[in-house]
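K.L.:
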Amino acid sequence: MFAEMARGNQRDLARQKNLKKQQELAKSTKKGDYQKRKENDADILREKQRLADERKAAEAAANLKK
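Quick note on numbering: the sequence shown equals residues 1 to 66 in the UniProt record's numbering.
1) Per DSSP, what kind of secondary structure is LYS27 in: helix, strand or coil?
2) Rounded to the nearest angstrom, what separates LEU25 and LEU19 at their Cα positions?
3) Helix, strand or coil for LYS66? Go by DSSP, reduced to three states.
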C-alpha cells in the first residue's frame, strides 16, 4: 500500500517537473526578444556576406596574378 502512494507521488512530482521544463522551453523559444533576435540574425548574415566578399576578392586577385 505504501509503495503505491510513493509511486503516485513520484509520478505527480515528475509531471510537475516536466510541466515546468516544458513551460520554460516554450517561453525561451517563443517569447524571445524579437528585436534582439532579428538584430543577431542580421549580424550573422552580414558576417557571412563579408566573408564571401573577401573570398571573392581573394579569388579575383589570384586570377589576376595568373
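Virtual Cβ for every residue (Gly too), placed ideally from N, Cα, C.
These numbers were taken from a predicted model, which means no experiment stands behind them.
P.N.:
Short version:
1) Locating residue 27 in the sequence shown gives position 27, where the first residue counts as 1. Helix.
2) Position 25 of the sequence shown, counted from the start, is the residue given in the question as residue 25. Position 19 of the sequence shown, counted from the start, is the residue given in the question as residue 19. If I take the Cα positions, the gap works out to 10 Å.
3) Counting from one through the sequence shown, the residue named residue 66 turns up at place 66. Collapsing the DSSP output to three states places LYS66 in coil.
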